[in-house]
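There are 2 protein chains.
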Amino acid sequence: MLSTMQDVPLTVSRILRHGSTVHSGSTVTTWTGVPGQAPVRRTFGEVGARAAQLAHALGDELGVDGDQRVATLMWNNAEHMEAYLAIPSMGAVLHTLNLRLPADQLAWIVNHAADRVIIVNGSLVPLLAPLLPQLPTVEHVVVSGPGDLTPLAGCAARVHDYEELIAGRPVAYDWPEVDERDAAALCYTSGTTGDPKGVAYSHRSIYLHSMQVNSAEAFALGAADLLLPVVPMFHVNAWGTPHASFMAGTSMLMPDRFLQPAPLAEMIETVRPTIAAAVPTIFQGLLAELDARPRDVSSLRSVVIGGAACPPALMRAFQERHGLRVIHAWGMTETSPLGTVAHPPAGVSEEEAWGYRATQGRFPASVEARLAAPGGGFQPWDGESAGELEVRGPWIAGAYFGGAAEEPFRPDDKFSEDGWLRTGDVGTISPDGFLTLTDRAKDVIKSGGEWISSVDLENHLMGHPDVAEAAVVAVPDEKWGERPLATVVLKEGATAGYPELRAFLAERVARWQLPERWALIPAVPKTSVGKFDKKVIRRQYAEGDLDVTDVTDATE
Amino acid sequence: MLSTMQDVPLTVSRILRHGSTVHSGSTVTTWTGVPGQAPVRRTFGEVGARAAQLAHALGDELGVDGDQRVATLMWNNAEHMEAYLAIPSMGAVLHTLNLRLPADQLAWIVNHAADRVIIVNGSLVPLLAPLLPQLPTVEHVVVSGPGDLTPLAGCAARVHDYEELIAGRPVAYDWPEVDERDAAALCYTSGTTGDPKGVAYSHRSIYLHSMQVNSAEAFALGAADLLLPVVPMFHVNAWGTPHASFMAGTSMLMPDRFLQPAPLAEMIETVRPTIAAAVPTIFQGLLAELDARPRDVSSLRSVVIGGAACPPALMRAFQERHGLRVIHAWGMTETSPLGTVAHPPAGVSEEEAWGYRATQGRFPASVEARLAAPGGGFQPWDGESAGELEVRGPWIAGAYFGGAAEEPFRPDDKFSEDGWLRTGDVGTISPDGFLTLTDRAKDVIKSGGEWISSVDLENHLMGHPDVAEAAVVAVPDEKWGERPLATVVLKEGATAGYPELRAFLAERVARWQLPERWALIPAVPKTSVGKFDKKVIRRQYAEGDLDVTDVTDATE
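Protein chains in written order, with the UniProt record's numbering: chain A, 1 to 556; chain B, 1 to 556.
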């Protein structure tokens, strides 16, 4: 039986229309970083009008048509917000470029997406200009904000000034009614292996995700809020907060390129946001800044931390030293990114609440979850049985963008046969739906149908007073498939032997998880960003470059 | 360009699965009204298991198949919640019957919907039993809770006990994946004229509406909340709050049939809900009860009032005398019902905030609004220009249910040519998107392409010290189309004449709105529920039964 409800699509243009009318008085404030100069403030009404002008400019002047890609290489600012609204609303696809990527990856991504236009902040022209000769699809470069344009001299693309381009154009646009399942925005994951992979968000997924961000169980954004999105708009759409804010009438404080602790502290004290969102490292820096030079940050009711696991000590320090409540959240590019949010349940003690806050959080209704068991099937939600997290939902990717002329593709290691996303994260789910992640799937040791957490073993080993660093990797084993190899860096002058370290572990983990293979190494190999580089250890082991000792209990 | 997101339908079964797993520990508590007896508490996990049992019973035992209608004639209780989840999730259509309707309307509605099963509370058997001989489609009556079953003796339908029917059946159900645009629930409007009209909510509309109810700009329901839905579950699905609560993990306190002020006050003090929802009359009674016999109602962070305009004095009294913040909301059966919610904007003074709270509220992103101007076209949002409110959105009706074998129908007076719902309400919208309703469209006076608010004129007239009551109706006018006729009831012994009353009005409304036709009457005719019955006045005028005096200014 058909319902009698109206069939109205969930689109970004609806968010634009709503925000710029019902919430026309809400504001987007961009920090200029110029001492003594007030930040630039625009109302949602003005942002909406300028978004219409931008759409006219892109369509009428630059010939953007259909679902062509318009890229942004921009900081968080009002002009980026205008692009966020205008490009999807006109039916084109917003492609946010991650300005922190290596140049060759950036060029690969632009070419893969076949971007026709790039809107770039003036301060980022030096980053873009050298790439342009490798970007044959890019016909137009639109420069927003001050910057040195000399590097663009002689480039094949036409160069425009953002303000000149939109000036004088109509401040209204008859936004087309697109199919809610059409692509609205494109974002590439920057995997450490293989080519970057594009996730094409739909109007529907952005709309539903925005509603979820504004729900009480997520960030509860409302018209009385002022959001500081420190997380970049090129990083999973700043976690969806700009679209969500425009939907809820939440004003925004845009930090532009001033992401260092001192200006962040200053803008919080001056403009008084009520909620902020950032990755842990940025907040670690902000904490040190606030500890050193106290500021009034009492306007913040919450700070959302995601993108990487937040150290519980950081959460506690913010709360205890600065009265800031941290909301821990988990997600990834493929999940739009809202996957879980860690609000403690009602009626628990303060200490229990801290336990819940340290988890990745609880799933909202639109994110269905299951834990693939190492031996096949699925694990129970008992808070103990670990499995690879798989998720399903209307804002979860079901494939990757194949490029301008290609079909989307679904690699088996990323998607299950029945279409769920394999997150590559291993963890447990408690009976009340809280997710705790322990490992990346590639870092667990698959031993006889069970999984052993390398991270868990490492953390225990590094708790031994003689151990400076420890890295545990899976190595092939005839009987069990894989077994753990423990590589250990001892502190200077420390003398602990393998049996002692193994006995130390035996008190802390199940017997079948204890490594039999041990090697002392001078230092754990690291990647360029300082993470353990386990590929190197596995290779060293395979090539016989490690001095491995077999250690088992006499009683075994 | 197609997005790469998963295509996952928004369905009630997803709400059911989510609530009964992630929030399995949340609870539905039903008030029993038995002194000294604890209310009956069930976890969401138990409710989910019982919903599965109910679905098995309906399908396997009673043969409910496809999109057949299963009706409920029930109070707010846990069993009704089970029906709310099980019936749509199995692909059937939940039809909530309004137990306050006259018997003939109730029978008409059951027959129009072709209900196959009716689940009825034992206490309501005396209401249902006499109707059964007129209900040929009803094959099964399922009785839940204690009651006298004698009236059902000899009825043609098979009679079942709810608990016996579901007992022992499997506690899991392989819910089918239905199309999100299929009907999930059916609710009839009880219009004062014509046959009742059915609105068939879709899975999609219920899902999106639930997300909106849980947003910060609506009621912000979360897992830490305990909701008291006083508004009946047969009244626009208790404003969508049961499904929204199950989605958010919000526990519920169900009042069953104990809707009188004293038990409500007692259950609030005892079970300590954090938020309640009810129509103004119920809360008027609760206020009197609390004033007379103070109770601890401090657990309530908010009370949502809708269904009829809430007198500002009632809001203030709750806040000032009992510390309860009232949230005013507007909607109708055709709008699921969430149309507007009156949260004052940030940064206004306390007195300004009261002004905003007294409006119908602000539109959420999914409800698009426009004001049809009396002369055609649409009114600006200036807070002054009045028009008939038309709305559009994914949880707004676009037609009415035509009955089991009929196509949906779209009467012109209810839907615009381009598919918007004509609400029949007249009002203004402020530049910041706040709706103020002043009249029903049928009560405004359409004078020379402008609208005159009869309610506005009446309120001003009743502000005159000599006036006891006043009713203003539209009467035909050769020059202007319609003009206002003011009928006035003077207080005993009062002597004010028409010129004085007209001069009093002239200080308060625009000159062109002043009535020229006046009549003194002994009392304003009333309907059975005490509302002004303007049909009678219009008929008396047409038939020359009123003693009408023409009054104009000497200067005109």
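Glycine included, C-beta positions come from ideal geometry on N, C-alpha and C.
Residues near residue i in its chain [Cβ-Cβ closer than 6 Å; skip 5 each side]
i        : result
Trp381/B : Ile429, Pro431
Pro294/B : none
Arg278/A : It should be noted that the sequence gives Ala, not Arg, for residue 278/A. Around Ala278/A: Val230, Val231.
Ile109/A : Tyr188, Pro196
Ile327/B : Ser302, Val304
Asn121/B : Met74, Trp75, Ser144, Gly145
Ala200/B : Ala183, Leu186, Phe401
Gln513/A : Ile452
Asp477/B : Arg483
Arg272/B : Ser299
Status (buried if at least 16 other CB within 10 Å, exposed otherwise) for residue i
i        : result
Trp518/B : buried
Arg42/B  : buried
Glu217/B : buried
Ala397/B : buried
Lys526/A : exposed
Straight-line gap, residue i to residue j (C-alpha atoms, nearest Å)
i        : j        : result
Phe434/A : Ser245/B : 19 Å
Arg538/B : Thr340/B : 33 Å
His243/B : Thr495/B : 57 Å
Leu131/B : Ala103/B : 7 Å
Thr359/A : Met462/A : 21 Å
Ser13/A  : Ala183/A : 13 Å
Lys531/B : Glu289/B : 25 Å
Met247/B : Ala220/B : 12 Å
His322/A : Glu351/A : 19 Å
Ser454/A : Pro364/A : 29 Å
Pro133/A : Asn111/A : 11 Å
Phe44/B  : Ala55/B  : 16 Å
Tyr162/A : Ala83/A  : 11 Å
Sequence-distant residues of its chain with Cβ nearer than 7 Å to residue i (five each side left out)
i        : result
Ala372/B : Phe378, Gly387, Glu388, Glu390
Minimum Cβ-Cβ distance from residue i to chain A less than 8 Å
i        : result
Ile268/B : no
Ser24/B  : yes
Thr11/B  : no
Pro125/B : A quick correction: the sequence has Val, not Pro, at residue 125/B. Not an interface residue.
Thr555/B : Because Thr555/B carries a pLDDT of 45, less than 50, the predicted location of this residue cannot be relied on, and the following value inherits that uncertainty. Answer no: the Cβ-Cβ gap between Thr555/B and chain A never drops below 8 Å.
Met247/B : yes
Gln37/B  : no
Arg293/B : no
Pro431/B : yes
Pro380/B : no
Same chain only: Cβ atoms within 8 Å of residue i, ignoring 5 sequence neighbours per side
i        : result
Glu556/A : Note that Glu556/A has pLDDT 44, beneath the 50 cutoff, so the model's placement of it is unreliable and the number below is only indicative. Cβ neighbours of Glu556/A beyond the five flanking positions: none.
Gln260/B : Gly285
Glu266/A : Arg295
Pro9/A   : Glu177, Val178, Asp179, Glu180, His203, Arg204
Cutoff 8 Å: residue i Cβ touching any chain B Cβ
i        : result
Ser202/A : yes
Glu217/A : yes
Asn214/A : yes
Pro229/A : no
Tyr356/A : no
Ile396/A : yes
Ser298/A : no
Pro408/A : yes
His95/A  : no
Tyr84/A  : no
Leu115/A : Residue identity differs from the one stated: residue 115/A is Asp in this sequence, not Leu. Answer no: the Cβ-Cβ gap between Asp115/A and chain B never drops below 8 Å.
Beta carbon proximity, residue i to chain E, threshold 8 Å
i      : result
Val8/B : You won't find chain E in this structure, because its protein chains are A and B.
(message) So within the segment 201-230 of chain A, which uninterrupted beta strand (DSSP E) runs reach at least 3 residues, ignoring any that extend past its ends?
(response) 226-229
(message) As an exercise, report each continuous alpha helix (DSSP H) stretch of at least 4 residues that is fully enclosed by the segment 331-392 of chain A, in chain order.
(response) Runs found: 350-358.
(message) My parser needs the alpha helix (DSSP H) runs of 4 or more residues fully inside the segment 302-328 of chain A; what are they?
(response) 312-322
(message) List, from N- to C-terminal side, the beta strand (DSSP E) runs of 3 residues or more that fit wholly inside the segment 88-139 of chain B.
(response) 93-96, 117-121, all fully within the segment 88-139 of chain B.
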